[in-house]
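Note sheet for the following structure.
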Amino acid sequence: MNEPVQREDPAAACGAHQPASQVSKPAATALPLSLDDYAARAAQVLDDNARAYVDGGAGDEHSLRANRRAWADWTLRPRVLRDLSQAHTRVELLGQNLDHPLLLAPVAHQRLFHPDAEFASALAAAAQGAGYVLSAQASVPLEQVANLVRHEAGRGPLWFQLVLPHDRGFTRALLARVASAGFEALVLTVDAPINGVRDRERRAGFRLPSGIRAVNLDGLPPHPAQAADGGGVFERWMASAARWRDLGWLLEQTHLPVLLKGVLHSEDACMAIEHGVSGLIVSNHGGRTLDGAMATADALGPIVQAVAGRVPVLVDGGIRRGVDVLRACALGARAVLLGRPQVHALACAGAAGVAHMIRLLRDELETAMALCGCASLDESHSVLAPTVRHADADYNLPSR
Ligand code: FNR
641 MNEPVQREDP AAACGAHQPA SQVSKPAATA LPLSLDDYAA RAAQVLDDNA
691 RAYVDGGAGD EHSLRANRRA WADWTLRPRV LRDLSQAHTR VELLGQNLDH
741 PLLLAPVAHQ RLFHPDAEFA SALAAAAQGA GYVLSAQASV PLEQVANLVR
791 HEAGRGPLWF QLVLPHDRGF TRALLARVAS AGFEALVLTV DAPINGVRDR
841 ERRAGFRLPS GIRAVNLDGL PPHPAQAADG GGVFERWMAS AARWRDLGWL
891 LEQTHLPVLL KGVLHSEDAC MAIEHGVSGL IVSNHGGRTL DGAMATADAL
941 GPIVQAVAGR VPVLVDGGIR RGVDVLRACA LGARAVLLGR PQVHALACAG
991 AAGVAHMIRL LRDELETAMA LCGCASLDES HSVLAPTVRH ADADYNLPSR
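Each residue of the sequence shown is one higher than the last, beginning at 641 in the numbering used here.
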């Protein structure tokens, strides 16, 4: 595979350093102005293999598209002439006070996109006070990521995401490494016991280039399904997939808070709380697993209502604008996670790109709050104006 073209700073990534004769506009306007700008630039610098992996969704990509559309369906009803001189975007999350509610979602195999890989995204998150969730399928050692950012003043939460490995001995050892490296919570992903049917990846013949692998899973014995002869999805893969009792087991193995990622149903949310999770992430894996899964903006409200404040509810999927963050918080999310935007910015400009991307979204969020007359995210629910599509929603908007 051709290595992705690497460019080291946002201005360079956008042609701002071209010779004067080739520059048709003032250089400043060449900087990405939005997360979608980063997506467009990334499409130019990533090869077909990496692009199919990042940008593709499952099946006909209905859920991928729905994630974006469903945020826009919530219109906003601003208030005017309020005193916003003390307004802020601060939130509290699992005992930590954060300057803003943005986290980077777990994204596997980041060396596909930039040689600095997860080091760059973790550093950018820390520099911008955003939370960082390292994927178990990261391409660099978890201890090195933690060492890089752990002592950074003003950083956000540092969490580790995993899908329960089939081997309990391996899992215990992994959990011990994660805890001693300084990660502060575990994120258990439950919506991807198997891969979705991803046509873009299949058409591109997606494969990990040699030298890129999930290094933190080295030593994990082969999955029993890989050794099994015959059988289909159920007999091979689902026979050893995680179940509720395994969540109970995980909670017994760790003193770290555990958040469940990939919940769309209120009953699952409540069951998870009964098991003892410390938080929930409403997610459909960015439309990469079950095509047709409901948009997260539609799933969020009912889950927040069912959870009734017992644990924080976070959300991801299709969040690309500050107004989307405001909508998510207005629907009761404590914080939001960004998946593809971090990859796009990483591919364009490494750590500088990711930091800039987070900054863009923070600025947009502040602008949206100012224009809505919203002094804090706690009072944001009052700015939501349900459209006709939400008129028959069988839940109440949260009052926090
Ligand atoms: C992901 N996602 C993901 N989730 C997870 O729990 N573990 C993982 O290793 C990965 N890996 C991964 C790779 C890539 C390339 C993408 C795009 C996504 C899902 C991710 O955490 C998140 O749920 C979605 O990406 C959120 O949707 P948006 O922001 O991409 O629309």
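Each residue gets a CB set at the ideal place from its N, CA and C atoms; glycine is no exception. If you're wondering where the values come from, they're calculated on a predicted model, not measured in any experiment.
Residue i: CB within 6 angstroms of a non-hydrogen atom of the ligand FNR
i	result
V855	no
T829	yes
Q801	yes
A745	yes
Q777	yes
D956	yes
V694	yes
R980	yes
A748	yes
G926	yes
Cutoff 8 angstroms; reference residue i; Cβ partners in own chain excluding five residues on either side
i	result
L738	R730, V731, E732, G769, G771, G796, P797 and A975
F759	V780, Q784, V785, L788 and A991
H1030	D713 and W714
L966	L716, L1005, A1008, M1009, C1012, C1014, L1017, S1020 and V1023
D676	R960
V855	A778, S779, V780 and P781
Pair within 7 angstroms by beta-carbon distance, residue i and residue j
i	j	result
T1027	D713	yes
S779	H749	yes
V773	P746	yes
T929	G836	yes
A844	N707	no
A764	W799	no
G926	G979	yes
Y678	M997	yes
R681	C910	no
Q982	S725	no
L743	L977	yes
M970	V955	It is worth fixing the name first, because residue 970 is Ala in this sequence and not Met. Cβ atoms of A970 and V955: not closer than 7 angstroms.
D938	A710	yes
T829	G902	yes
L815	Q893	yes
D700	D931	yes
Neighbourhood of residue i by C-beta distance below 6 angstroms, restricted to the same chain and skipping five residues each side
i	result
R840	A692 and G696
G919	L899, V951 and P952
C1014	S1020 and V1023
V818	F800
F810	L860
D858	none
Same chain only: Cβ atoms within 7 angstroms of residue i, ignoring 5 sequence neighbours per side
i	result
A767	A995
Q662	Any reading at Q662 must be qualified, since the residue scores a pLDDT of 49, below 50, and its modelled position is unreliable; the value itself is stated next. None.
P864	H806 and S880
V917	V898, L899, L900 and V951
H728	S1016
F846	N689, A692 and Y693
G888	H915
Q736	P797
Residue i classed as buried or exposed, judged by whether at least 16 other C-beta atoms fall within 10 angstroms
i	result
R885	exposed
Q866	exposed
I959	buried
A793	exposed
A683	exposed
I834	exposed
A698	buried
H740	buried
V922	buried
H791	exposed
V873	exposed
R812	exposed
L721	exposed
D756	buried
H984	buried
A1025	exposed
A670	buried
H895	exposed
A912	buried
D964	buried
P942	buried
P672	buried
G993	buried
Closer than 7 angstroms to chain B by CB, residue i
i	result
G796	No chain B is part of this structure, which consists of one protein chain only.
Residue i CB to nearest heavy atom of the ligand MN below 6 angstroms
i	result
S923	Ligands displayed in this structure: the ligand FNR; the ligand MN is not among them.
Please give me, in chain order, every unbroken run of the beta strand (DSSP E) with length at least 3 that falls completely inside the stretch 767–826. 771–775 and 798–802
Completely contained alpha helix (DSSP H) runs for the stretch 869–915, where each covers 4 or more residues: 884–893 and 906–915
Which complete alpha helix (DSSP H) runs does the stretch 689–731 hold, if anything under 4 residues is left out? 702–712
What runs of the beta strand (DSSP E), each 3 residues or longer, lie entirely inside the stretch 971–1012? 975–978
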